[in-house]
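Quick note on the working numbering: the sequence shown kicks off at 491 and runs consecutively.
Just so you know, even glycine gets a beta-carbon here, dropped at the ideal spot from N, CA and C.
Fair warning: this is a prediction, and the values are worked out from it, not measured in the lab.
Remarks on the structure that follows.
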Amino acid sequence: MKVKALSRSAASTERQNSGDLRMQHRNLDPDHHPMARAREYTRAVTAAKLDRMFAKPFLGALGTGHRDGVTATAVSRTALVPFVSGAADGEIRIWDLASRKCVAELPGGHSRAVNGLVFDNDGRNFYSCSDDGLVRCWSVCPLPSNDGGPSSSSSSTSTSSKRSTPHGPLETWRVAGTFKSIDYARSSDYFATASDSAVEIWSPDRSSPVQTHSDLWGSDDTVSIVRYNPAERSLLAMCSADRGIGMFDTRLSSPLRKTVLSMKSNCLEWNPM
């Protein structure tokens, strides 16, 4: 019987100094590492992502910012200069992206946190929704004030008296609950809102919803996100607090389909393709 003992020198296993790295012996046989190529590919992709993450993507800050946390932002669909932001204290600010300066501050736009902001199709007005149960329409540019002179009509005087700021609000819509999200249709003058256990379609010319979807597949959870499809004008998608994602067709009175995910969705966007 033959007995063979493996012996290694102390220099191959011991460190000369306490700061040296410990030597690790590995079997480099490819048969024992079938996933080596996949691991190297993952490491290469991660390294490329880290290079982009640390490539100084930060361009600049917009002025001094809000006093409270920013909860909603929106950019115009027709121009890159106007930009609006809403905060948890209900304040709304209008920014100029070219100069990175605040153009107007709308303190007290809402009494509670602003949950959604969206521009209309022409980019002149924008809409805001909040936990206070209000949807308000604002003007990007300041409107002229009417002092009730002989050249101003009674209707314009009453409209200007309702405005708390030169930017509005122009109109206000109210519900019993809270609004969580808002989106404007790309090819029609309708906007959709997500409120407590309901998705509602509104017209700027009416004070009540044009269409209401309250039977959300038997679920009473809060709808957190609502988005219009940019290509299909009647297609609408939503996210709810019960980890569900649903789809609606505004031409029908009932929702289309719902899928329940393993985790809750924080946001939803359509594929631009």
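Query                                                                                                                   : Result
Sufficient close CB pairs (3 or more, under 8 Å) joining the segment 684-695 to the segment 572-580                     : no
Three-state secondary structure (DSSP) of His703                                                                        : strand
Cβ contact check for the segment 618-628 and the segment 599-607: 3 or more pairs under 8 Å                             : yes
Asp541 - containing alpha helix (DSSP H), residue span                                                                  : Ala526 to Met543
Neighbourhood of Gly639 by C-beta distance below 7 Å, restricted to the same chain and skipping five residues each side : The predicted position of Gly639 is uncertain, since its pLDDT is 38 and thus under 50; a value taken from the coordinates is nonetheless stated next. For Gly639, where only same-chain residues beyond five positions count, there are no Cβ hits under 7 Å.
Straight-line gap, Ser635 to Pro656 (C-alpha atoms, nearest Å)                                                          : 7 Å
DSSP state of Ser650 mapped onto helix, strand, coil                                                                    : In this predicted model, Ser650 has a pLDDT of only 43, less than 50, meaning its place in the structure is not dependable; the value taken from the coordinates is given anyway. Note: Ser650 maps to helix in three-state DSSP.
Exposure label - Ser589; buried when at least 16 CB within 10 Å                                                         : exposed
Check whether Cys729 and Leu758 have beta carbons under 8 Å apart                                                       : yes
Straight-line Cα distance separating Ile672 from Gln701                                                                 : 15 Å
Alpha carbon of Ser648 to alpha carbon of Leu633, nearest angstrom                                                      : Reliability of the predicted coordinates at Ser648 is poor, the pLDDT of 36 falling under 50, and the value obtained from them is presented with this limitation in mind. For Ser648 and Leu633, the distance between alpha carbons rounds to 14 Å.
Assumed close pair Gly613, Pro659 - CB separation to whole angstroms, cut-off 8 Å                                       : Contact doesn't hold; Cβ gap of about 18 Å is too wide.
Straight-line Cα distance separating His522 from Ala569                                                                 : 58 Å
Close-in-space but distant-in-sequence residues of the same chain around Gly734 (CB under 6 Å, 5 per side omitted)      : Lys748 and Val750
Host beta strand (DSSP E) of Asn719 (start-end)                                                                         : Counting along the chain, Asn719 falls outside any beta strand (DSSP E), and DSSP gives it neither H nor E.
Residue range of the beta strand (DSSP E) that includes Thr740                                                          : Segment: none, Thr740 is in no beta strand (DSSP E) and carries neither H nor E.
Span of the beta strand (DSSP E), counted from its first residue to its last, around Lys670                             : Phe669 to Tyr674
For Ala688, three-class secondary structure by DSSP                                                                     : strand
CB contact check: Ser704 to chain B, cutoff 8 Å                                                                         : The chain labelled as chain B is not found in the depicted structure, where only one protein chain is given.
Sheet register partners of Val604 (DSSP bridge)                                                                         : Ser620
Limits of the unbroken beta strand (DSSP E) element including Lys754                                                    : No beta strand (DSSP E) contains Lys754, which DSSP labels as neither H nor E.
Buried or exposed by the 16-neighbour rule on C-beta atoms within 10 Å, applied to Ser566                               : buried
Helix, strand or coil at Asp586 [DSSP, three-state]                                                                     : strand
Reference Ala666; option with closest CA among Ser697, Leu624, Ala675 and Ser704                                        : Leu624
Candidates Asp695, Glu595, Ser697 and Ser502, of which the one nearest Ser654 by Cα                                     : Glu595
Cross-strand partners of Ala727 (DSSP beta bridge)                                                                      : Arg717 and Met737
Residue environment, Val440, which counts as buried when at least 16 other CB atoms sit within 10 Å                     : As displayed, the chain neither begins before 491 nor continues past 763, which places residue 440 out of reach and without an answer.
Beta-carbon separation (whole angstroms), Tyr680 vs Asp610, contact threshold 8 Å                                       : Between Asp610 and Tyr680 the Cβ distance is about 10 Å, and since that is not below 8 Å, they are no contact.
For Val565: DSSP bridge partner residues                                                                                : Phe573
Beta-carbon gap between Arg583 and His556 smaller than 8 Å                                                              : yes
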